[in-house]
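*Asks:*
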Amino acid sequence: MEQQSFYEQVYEIVKLIPKGRVTSYGAIAKSLGAGKSSRLVGYAMNNAHGMSPPIPAHRVVNHKGLLTGKFHFATPELMQELLENEGVVIEQDKVQNFKTLFWNPAEEL
DNA sequence: TTAATGACCTCCG
DNA sequence: TCGGAGGCCATTA
Numbered sequence: 001m002e003q004q005s006f007y008e009q010v011y012e013i014v015k016l017i018p019k020g021r022v023t024s025y026g027a028i029a030k031s032l033g034a035g036k037s038s039r040l041v042g043y044a045m046n047n048a049h050g051m052s053p054p055i056p057a058h059r060v061v062n063h064k065g066l067l068t069g070k071f072h073f074a075t076p077e078l079m080q081e082l083l084e085n086e087g088v089v090i091e092q093d094k095v096q097n098f099k100t101l102f103w104n105p106a107e108e109l
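Residue numbers (our numbering): 1 to 109.
#1: With which residues is V22 paired in a DSSP beta bridge?
#2: Mind checking S52: buried by the 16 CB within 10 Å criterion, or exposed?
#3: Assign T100 to one of two classes, buried (16 or more other C-beta atoms within 10 Å of its C-beta) or exposed (fewer than that).
#4: Look at the alpha carbon of R59 and the alpha carbon of I17, and state the distance between them as a whole number of angstroms.
#5: Taking all protein chains shown into account, decide if P54 is buried (16 or more other Cβ within 10 angstroms of its Cβ) or exposed.
#6: Give a yes or no on contact between the region 2-12 and the region 35-44, applying the rule of three or more CB pairs nearer than 8 Å.
#7: Check I184 in the structure and name its three-state DSSP category.
#8: Give the single residue among K94, S24, E12 and K64 whose Cα lies nearest to the Cα of W76.
#9: Using beta-carbon positions only, say whether V14 and A57 come within less than 8 Å of one another.
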């Protein structure tokens, strides 16, 4: 299934996110050369459900550090559980130390 | 082909 | 400083 589409790029980035780190949609989109396509990153996540290997979308949050897409998971609390399980602190559905835990794909790529 | 949607980001008041 | 609205791109129907 060689879609070679924007989604493929997004999946690669998200799957490369180290454990205990988080990134923003805009950062991923910008790394792909389409900082204005930040919405496409989230849209791609929508299709990432049931994929194998599974996409750690829980490590991807908006530039505010808010778990906006938590409702798209099996359960809203699942996203927070996964992040906390990796050592990320979540407060009021917000990633604490977001700036510190922020993982810049552009630097890894 | 056109129109509508979306887990966003940036700008302006 | 905080809040609200618009715009951007790609995919799907």
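The beta-carbon is built from N, C-alpha and C at its ideal position, and this holds for glycine as well.
Keep in mind it's a predicted model, so treat the numbers as computed, not measured.
*Replies:* In short:
#1: F102
#2: exposed
#3: exposed
#4: 7 Å
#5: exposed
#6: yes
#7: Within the shown structure, residues of the chain are numbered from 1 to 109, placing residue 184 beyond reach of any answer.
#8: Rather than Trp, the amino acid found at residue 76 in this sequence is Pro. Ranking K94, S24, E12 and K64 by Cα distance to P76 puts K94 first.
#9: yes
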